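Colleague:
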Amino acid sequence: MRSYERLVLELKSFFMQSSNGNVNNSRDTVASNILVNHDFSRGLDSWHPNCCEAFVVSAAPGRNHAVVTNRKEHWHGLEQDITCRVSPGSTYAVSARVGVSGNPQSAAVVIATLKLEFQDSPTRFVFIGKTSVSNGQLETLEGTFFLSTLPDRLVFYLEGPSPGVDLLIEFVTISCRNNTSEIDVTSTGRFCAGDENIILNPRFEDGLNNWSGRGSKIVLHDSMGDGKVMPMSGKYFASTSERTQSWNGIQQEITGRVQRKLAYEVTATVRIFGKNVTSADVRATLWVQSPDSREQYIGIASSQATDKDWVQLQGKFLLNGSPSRVVIYLEGPPPGTDILLNCLVLKHAEKVPPSPPPVIENANYGINIITNSNLYDGTNGWFPLGNCTLSVGTGSPHILPPMARDSLGPHQPLSGRYILVTNRTQTWMGPAQTITDKLELYLTYQVSAWVRIGSGATGPQNVNVALGVDNQWVNGGQVEVNHDTWHEIGGSFRIEKKPAKVMVYVQGPASGVDFMLAGLQIFPVNRHARFKHLTRQTDKIRKRDVVLKFSGLDSSSLLGTFIKVRQTQNSFPFGSCISRTNIDNEDFVDFFVKHFNWAVFGNELKWYWTEPQQGNFNYREADDLLNLCKSRNIETRGHCIFWEVESTVQSWIKALNTIDLKTAVQNRLNGLLTRYKGKFKHYDVNNEMLHGSFYQDHLGKDIRANMFKTANQLDPTATLFVNDYHVEDGCDTRSSPEKYIQHLLDLQEQGAPVGGIGIQGHIDSPVGPIVCSAMDKLGILGLPIWYTELDVSSTNEYVRADDLEVMLREAFAHPAVDGIVLWGFWELFMSRDNSHLVNAEGDINEAGKRYLSLKQEWMSHAHGHIDEQGQFRFRGFQGTYAVEIVTASKKISKTFVVDKGESPLVVSIDL
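Residue numbers (UniProt numbering): 1 to 911.
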């Protein structure tokens, strides 16, 4: 390490050379400058080094420079609190003269940032501006920001260069422009004036400088293929050749140019070139190495590229931790196929303001949009899809199907008429209607009908109400039908983008099989109308009468004493999926531990993660997550011991013979459950058995029950779950409630100690009666039901919030449901797009606010006075409470717990 004296001498020389003897007038005090000691003329007065060290060097009379040294992270820098010096509604211009020292290997980036601290929400970081600086030079950094409202604390700071590189600052000014037409960072998250591309030489105007091959060769071109391939923009493009693996491609190291907890957007212009491949998936991927040498691969974006045209690849990413190295690269096509790159842009992602609540002008809740549904006018309004034949018959049910009845309430009987569909030569043939002009965007529609199959069937048949939305298939509900009876079909859907054409049609049975359709109804659902019923049901099953019985003082002094009861925690399990990379982000951890009391790990406990190659074990990430949960008193679910779907099984397992596979399964059970005995409250033993059968196909039917038996022997304290998807939404015949019940009964008949039912809950456009119907059916088994992976998706935050509220209220109001676990909550770390509750940089969106509002609604508070019996009565949710008693002489605080029970709970409190 350089000595202090030597460093000062070097810096003095540096400052004199970089200024060339000229004093920049910008360092003079600006009248509107809000920074104190902006030129360091008073040393470090009002400035504070953030997790590092700083001192001031006098390079010449009247010219001081701050030196920020001993920096261990990119974000270590110099800061000043400006909370009381910024006014809402004004635009501020930032200008700073900055440099670096310490022999950085390449140009370093210096960034100006705002830190916004709030009392009741996560801290946010607002990007202002940045500049690229070379060793031995001073550069000007500029940017602007605008605040419509003020946070509780506002801090300005400079950061950015790689760890070990000293940050040099000549002066900083922040001046008020008094212009309210700029972008609002408190609503959009950040504003970057002229935010430039982080990628160096993005269009190859400087040849292949800053680029390299990732396991392949890269070549610069102005054309290829005898002039048939030309750049889409600019003069050049690069190709990757001699690729022998799908991950080979073109890359650029961006270490030091991207910051943690900021969202970035990537846009690339790509195509492919090869003899035998005309289209292939091209992916943008981030390789990240942490200081402790952990490696992470982050998928940013993918697109189907062709050899005919350039296509755009777009996506976003965010780094939770502070990486030691970051590389972005393109990969994907099969070996031998060249990836062509014309341009790559990586910028701080613009925050798009949320869509407003949708305006529904003609909701007409409960009104059927199907023409001639009762068939009084023959088949008018209907047409055959394909060359099948439609006719009208009589003898179908007159009553509404149960799920529709629960939504519509009292309703006139159905006509008893049905459409008979004959002469079907394809599975998709059936009755159809065009309903384009009858649909409202963002309304949730429920689908209901009676269906039956006729002659020609050799076994059960699937019947599906489908929608063709601009040639895209949308599932309106499915049911498996036997020939001897009428079956209810129910489902739901929503359209969120204006379509050119929407057609509804009924399809599914094998060709040659006739089927009948009666009373098809498609109607918009007022989902909030059901909430009053759910609130009453919730009060009944989640609350308990409580009697606080006081003693220790004479009755005369107790009478009329004021008492305040406040619930501090609801004991009902609300959990979330978390992953190892998430917990490097302190804002993520803060939200998680405040608002959830259960956790499940996204991948870190799955077999393909803990043993990717035979004998190569990795429990490090699972241990880290488990340690976090244990330290915060958060219970955990073990997901999952096995996964029955073949595409999730490691290649080394697929290659085993029967005997070795059986041994590997036993070793997996022994290794996992012995290591974590008593640490996971639940295990999903064999995930998605209704949708896969790898282990059963290779080891026989008994293997599933044996997995449960062995797991129970190894860890008797854990509750063992089945776990599957599309159980609750009516859109998958493989996992209908009836199929799930039969599956469970089969396992129990073989002696499997199944202790719980997992409904994953990856659902679209949920409708309460459909969801409740599934839970009612499963509830007859008497096993606890958990939603284990709940998420909902909508491009509109308000609609997403409504979807989430439907699911949470339905589950919380159902007596068979014992817990709800969300499949994540943070943007860019969800398995589905548009399903997050918290935006990438920490803003809680409308769905997140709805979740927190419901959590608050399900907390009980009461106050009043002690009666003549020395008691205070109230009804409250199960959980932990604090009670405060105020007597004439003192204030007494006690805690108590309300557990599950039907009879009143008497709590004795000795004063």
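Glycine is no exception: its CB is placed at the ideal position from the N, C-alpha and C atoms.
Keep in mind it's a predicted model, so treat the numbers as computed, not measured.
Output the boundary residues of the alpha helix (DSSP H) element that contains T658.
Modeller: Here the question's residue 658 lines up with position 658 in the sequence shown. Here the alpha helix (DSSP H) through T658 covers 658–675.
Colleague: Between the alpha carbons of V185 and R153, how many angstroms are there, rounded?
Modeller: Against the sequence shown, residue 185 aligns to sequence position 185. Against the sequence shown, residue 153 aligns to sequence position 153. With a pLDDT of only 37 at V185, under the threshold of 50, the placement of this residue in the model should not be trusted, and no figure is reported.
Colleague: Are the Cβ atoms of R85 and I34 separated by less than 9 Å?
Modeller: The residue you call residue 85 lines up with position 85 of the sequence shown. The residue you call residue 34 lines up with position 34 of the sequence shown. Yes.
Colleague: Put R271 into one of helix, strand or coil per three-state DSSP.
Modeller: By 1-based counting over the sequence shown, the position of residue 271 is 271. Reduced to three states, the DSSP call for R271 is strand.
Colleague: Based on DSSP bridge pairs, tell me the residues matched to C343.
Modeller: The count along the sequence shown starts at 1 and reaches residue 343 at position 343. C343 pairs with T269.
Colleague: With distances taken Cα to Cα, identify the nearest neighbour of P784 among G879, I111, D818.
Modeller: Taking the sequence shown and counting its residues from 1, one reaches residue 784 at position 784. Among G879, I111, D818, the Cα nearest to that of P784 is on D818.
Colleague: Per DSSP, what kind of secondary structure is K891 in: helix, strand or coil?
Modeller: Numbered from its first residue, the sequence shown carries residue 891 at position 891. DSSP places K891 in strand when its eight states are reduced to three.
Colleague: Can you tell me the Cβ-Cβ gap for A752 and F708, rounded? I've got them flagged as a contact below 8 Å.
Modeller: Position 752 of the sequence shown, counting from 1, holds the residue named residue 752. Position 708 of the sequence shown, counting from 1, holds the residue named residue 708. Yes, they are in contact, since the Cβ atoms of A752 and F708 sit about 4 Å apart, within 8 Å.
Colleague: For Q478, write down the residues that DSSP places opposite it in a beta bridge.
Modeller: If you number the sequence shown from 1, residue 478 lands on position 478. DSSP, once it has assigned bridges, lists N464 as partnering Q478.
Colleague: DSSP state of H398, grouped into three classes?
Modeller: Here residue 398 refers to the residue found at position 398 when the sequence shown is read from its first residue. It is coil, neither helix nor strand.
Colleague: In the DSSP assignment, what are the bridge partners of L167?
Modeller: By one-based count along the sequence shown, residue 167 stands at place 167. DSSP output for L167 lists V68, V100 as bridge partner(s).
Colleague: Classify I866 as helix, strand or coil using the three-state DSSP reduction.
Modeller: Along the sequence shown, one-based indexing puts residue 866 at 866. The answer is coil: DSSP assigns I866 none of H, G, I, E or B.
Colleague: Ignore the nearest five residues each way along the sequence and tell me which others in Q119's own chain have a CB closer than 8 Å to its CB.
Modeller: Position 119 of the sequence shown holds residue 119. Only D152 meet the Cβ criterion.
Colleague: Among the candidates Q251, L669, K261, D307, whose CA atom is the shortest distance from the CA of T581?
Modeller: Residue mapping note: residue 581 aligns to position 581 of the sequence shown, counting from 1. Minimum Cα distance to T581 is reached at K261.
Colleague: Just how far apart, CA to CA, sit V481 and D732?
Modeller: For the purposes of this step, residue 481 is taken as residue 481 along the sequence shown, with counting starting at 1. For the purposes of this step, residue 732 is taken as residue 732 along the sequence shown, with counting starting at 1. Approximately 13 Å between the Cα atoms of the pair.
Colleague: Would you give the residue range spanned by the beta strand (DSSP E) that P153 belongs to?
Modeller: Counting from one through the sequence shown, the residue named residue 153 turns up at place 153. Residue identity differs from the one stated: residue 153 is Arg in this sequence, not Pro. 153–159 is the extent of the beta strand (DSSP E) around R153.
Colleague: Kindly indicate which residue of V94, I780, S773, Q507 has the alpha-carbon position closest to the one of D729.
Modeller: As a working note, residue 729 is residue 729 in the sequence shown. If we check each option's Cα against that of D729, S773 comes out closest.
Colleague: Using a Cβ distance threshold of 8 Å, determine whether the segment 469–483 contacts the segment 530–538, with at least three qualifying pairs required.
Modeller: They do not touch, by the three-pair rule.
Colleague: What do you get for C343, buried or exposed, if any count of 16 or more other CB atoms within 10 angstroms of its CB means buried?
Modeller: For this step, residue 343 is matched to residue 343 along the sequence shown. So C343 ends up on the buried side.
Colleague: Are there three or more Cβ pairs, one per stretch, closer than 8 Å when the segment 694–706 is compared with the segment 637–645?
Modeller: Because the criterion of three Cβ pairs below 8 Å is met, the segment 694–706 and the segment 637–645 touch.
Colleague: If you count every other CB in all the chains shown that lies within 10 Å of the CB of residue 961, and 16 or more means buried, which is it?
Modeller: Nothing about residue 961 can be reported from this structure: the residues present for the chain run from 1 to 911 only.
Colleague: With a CB to CB cut of under 6 Å and the five nearest residues on each side skipped, what residues in its chain are close to A882?
Modeller: Position 882 of the sequence shown holds residue 882. So the list reads R566, T568, T895, once near-sequence residues are dropped.
Colleague: What number of angstroms, rounded off, separates the C-alpha of F874 from the C-alpha of G560?
Modeller: On the sequence shown, position 874 is the one that residue 874 refers to. On the sequence shown, position 560 is the one that residue 560 refers to. Whole-angstrom Cα-Cα distance: 16 Å.
Colleague: Would you give the residue range spanned by the beta strand (DSSP E) that W75 belongs to?
Modeller: One-based indexing of the sequence shown puts residue 75 at position 75. No beta strand (DSSP E) contains W75, which DSSP labels as neither H nor E.
Colleague: If you reduce the DSSP assignment to three classes, tell me which class T795 lands in.
Modeller: Residue mapping note: residue 795 aligns to position 795 of the sequence shown, counting from 1. Reduced to three states, the DSSP call for T795 is coil.
Colleague: DSSP state of residue 912, grouped into three classes?
Modeller: Residue 912 is absent from the structure shown; the chain starts at 1 and stops at 911.
Colleague: Taking the alpha-carbon positions, what's the S631 to K235 distance?
Modeller: Residue 631 sits at position 631 when you count from the first residue of the sequence shown. Residue 235 sits at position 235 when you count from the first residue of the sequence shown. Going from the Cα of S631 to the Cα of K235 covers about 57 Å.
Colleague: Tell me whether the segment 248–264 and the segment 225–232 touch, counting them as touching only if at least three CB pairs, one residue from each stretch, are closer than 8 Å.
Modeller: Short answer: they don't touch.
Colleague: What are the partner residues of M224, as DSSP defines its beta bridges?
Modeller: What you label residue 224 is simply residue 224 of the sequence shown in a count that begins at 1. Note: M224 sits in a beta bridge opposite V229.
Colleague: Can you check DSSP and say which residues form a bridge with P384?
Modeller: Position 384 of the sequence shown, counted from the first residue, corresponds to residue 384. Answer is P431.
Colleague: Return the chain-ordered ranges of every alpha helix (DSSP H) run that is complete within the segment 248–327 and spans a minimum of 4 residues.
Modeller: Those alpha helix (DSSP H) runs which fall completely within the segment 248–327 and span 4+ residues do not exist here.
Colleague: Locate the beta strand (DSSP E) running through F680, then write down its first and last residues.
Modeller: Here residue 680 refers to the residue found at position 680 of the sequence shown. Per DSSP, F680 belongs to no beta strand (DSSP E) and is neither H nor E.
Colleague: Could you tell me if G602 is buried or exposed, where buried requires 16 or more neighbouring beta carbons within 10 angstroms of its beta carbon?
Modeller: By 1-based counting over the sequence shown, the position of residue 602 is 602. Classification for G602: buried.
Colleague: Work out the CA separation of G393 and L517 for me, nearest whole Å.
Modeller: Within the sequence shown, the letter at position 517 stands for residue 517. Within the sequence shown, the letter at position 393 stands for residue 393. About 10 Å.
Colleague: Going by the beta-carbon positions, is the gap between residue 951 and I759 smaller than 9 Å?
Modeller: Missing from the structure shown is residue 951; the chain here goes from 1 to 911 and no further.
Colleague: What separation, rounded to the nearest whole angstrom, lies between the Cα atoms of L854 and T538?
Modeller: To locate residue 854, count along the sequence shown from 1; it is residue 854. To locate residue 538, count along the sequence shown from 1; it is residue 538. Cα to Cα, the separation comes out at about 12 Å.
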